[in-house]
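Below is one structure, written out as structure tokens, with a few remarks after it.
Residue numbers (the numbering used here): 1 to 432.
Shown next, in the form of structure tokens:
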């Protein structure tokens with residue numbers, strides 16, 4: 001009796017489009033309609049994973065005329081075939097109910113990978129498409145409420161419409177150019193951080209566009225190598241945001257964390273001494289550092305220095321609304337002795353801190369850790385004179401160079417990554 005109830009309950013939920021229960025169906029009964037995606041990744045590796053840990057995420061199917069049609073989970077289905085499975089767990093999704101908004105839980109949609117959300121979107125879009133060459137007959141499909149298909153599917157998947165659009169852009173680019181963009185789809189499914197992968201996608205797309213005419217002021221190279229070729233006393237200001245030694249990735253390259261004293265003595269101190277060398281007497285130095293290095297400032301910077309406190313909200317992770325992060329950035333501020341410190345004219349009031357509005361341009365967000373433009377403009381306006389020559393070391397997204405150009409200062413940027421050098425050149429054209 002209990003078994004009969006269970007089957008009836010599962011059948012009822014299948015009919016209503018709610019994925020509370022998982023059904024076990026023969027693999028041979030699932031039809032795979034024509035799919036555009038050619039690069040399916042390592043199916044053999046996934047098949048071996050199924051043999052060891054099993055299937056963690058059931059595939060999604062819909063039922064049409066008594067037949068199961070694959071909606072999402074193409075790779076998992078192929079891997080199950082490779083592993084010689086005869087049956088596979090599935091969630092049956094009623095696509096009509098997805099469009100009507102009649103679904104009752106999010107257990108299923110939490111299991112969808114980003115690429116599978118795109119598959120679901122396409123399946124529903126194809127379902128709504130009129131037959132080519134003739135209008136859709138009345139009564140063929142239910143009268144769905146008006147609205148974009150992408151919004152309805154994104155709501156079902158538990159993401160915003162804009163996030164789903166970004167996934168679609170990445171998948172479509174991978175289909176057109178698998179060699180260049182195919183790895184992005186795999187990364188998207190693996191880490192499921194849409195904005196991070198989308199930023200990398202935009203950087204790749206940006207690199208395909210014609211590069212703006214070089215300004216001659218953006219040097220691609222390592223700061224520690226390039227700076228040795230600069231003349232002594234040749235800059236009025238040096239603003240530098242070096243690697244923070246936090247063990248993070250930078251444009252796909254991982255830089256491991258090392259002991260702070262080793263980080264200073266073995267890498268940053270020689271660069272810091274070069275900064276002081278190229279500064280003119282009375283010149284201004286701003287060196288961004290993480291809060292974790294506070295205990296070392298006294299021993300690292302032997303002579304007097306000040307800490308300029310920059311409070312701002314870091315760029316939000318993903319696409320959800322992100323409030324300001326309760327954090328600040330200490331900036332080591334020094335003036336090279338030997339001359340009177342210049343005072344900006346018209347005079348700007350100097351503060352010991354700056355609260356940024358935390359705004360970033362769309363181009364700046366292509367960098368993993370950009371600086372707000374108003375933050376750099378505050379430093380430049382308060383501590384340099386119009387016409388001053390500034391060195392933007394470890395330029396990153398080039399915000400310091402943009403701030404210099406907007407405030408009538410001369411500048412020279414040094415950045416080690418070619419993609420970000422192109423980004424800086426584009427920002428200097430489009431944002432100044």
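Beta carbons are placed, not taken as given, at the ideal position from N, Cα and C, and that holds for glycine.
Collapsed DSSP secondary structure at residue i in the structure displayed
i: residue 369; result: coil
i: residue 296; result: helix
i: residue 236; result: strand
i: residue 120; result: helix
i: residue 432; result: coil
i: residue 318; result: Any reading at residue 318 needs caution, since the residue's pLDDT is 42, under 50, leaving its predicted position unreliable; the model's value is listed next. In this structure, residue 318 counts as coil in the three-state DSSP scheme.
i: residue 242; result: coil
i: residue 291; result: helix
i: residue 81; result: helix
i: residue 434; result: With the chain represented from 1 up to 432, any question about residue 434 goes unanswered, as that position is not in the structure.
i: residue 218; result: strand
i: residue 415; result: strand
i: residue 159; result: coil
i: residue 192; result: coil
i: residue 171; result: helix
i: residue 405; result: helix
i: residue 263; result: helix
i: residue 341; result: coil
i: residue 395; result: coil
i: residue 201; result: helix
i: residue 426; result: helix
i: residue 227; result: helix
i: residue 420; result: helix
i: residue 153; result: helix
i: residue 93; result: coil
i: residue 382; result: helix
i: residue 207; result: helix
Residue i classed as buried or exposed, judged by whether at least 16 other C-beta atoms fall within 10 angstroms
i: residue 284; result: buried
i: residue 273; result: exposed
i: residue 340; result: exposed
i: residue 245; result: buried
i: residue 28; result: exposed
i: residue 126; result: exposed
i: residue 422; result: buried
i: residue 356; result: buried
i: residue 398; result: buried
i: residue 430; result: exposed
i: residue 67; result: exposed
i: residue 360; result: buried
i: residue 116; result: buried
i: residue 179; result: exposed
i: residue 32; result: exposed
i: residue 258; result: exposed
i: residue 331; result: buried
i: residue 157; result: buried
i: residue 380; result: buried
i: residue 106; result: Low confidence applies here, because residue 106 scores a pLDDT of 45, under 50, leaving its location unreliable; read the following figure in that light. The residue is exposed, with fewer than 16 neighbouring Cβ atoms inside 10 Å.
i: residue 420; result: buried
i: residue 343; result: exposed
Sheet register partners of residue i (DSSP bridge)
i: residue 389; result: 410
i: residue 250; result: 253
i: residue 68; result: 30, 63
i: residue 88; result: 25
i: residue 279; result: 235
i: residue 335; result: 284
8 Å contact criterion, which residue i and residue j should meet: CB distance rounded
i: residue 406; j: residue 432; result: 6 Å
i: residue 58; j: residue 90; result: 5 Å
i: residue 72; j: residue 112; result: 6 Å
i: residue 363; j: residue 418; result: Their Cβ separation, rounded to whole angstroms, is 16 Å, which puts residue 363 and residue 418 out of contact at 8 Å.
i: residue 215; j: residue 425; result: 6 Å
i: residue 80; j: residue 55; result: 7 Å
Check: residue i C-beta below 7 Å from any heavy atom of the ligand HEM
i: residue 341; result: Although the ligand HEM was asked about, the structure shown includes no ligands whatsoever.
Is the stretch 157-176 touching the stretch 194-206 in the sense that three or more CB pairs, one from each, lie closer than 8 Å? yes
Below 8 Å, can you find three or more Cβ-Cβ pairs linking the stretch 291-299 to the stretch 256-267? yes
With a cut-off of 8 Å, do at least 3 Cβ pairs link the stretch 381-396 to the stretch 229-239? yes
Tell me, please, whether the stretch 215-229 touches the stretch 372-387 by the rule of three or more beta-carbon pairs shorter than 8 Å. no
Give a yes or no on contact between the stretch 82-97 and the stretch 170-180, applying the rule of three or more CB pairs nearer than 8 Å. no
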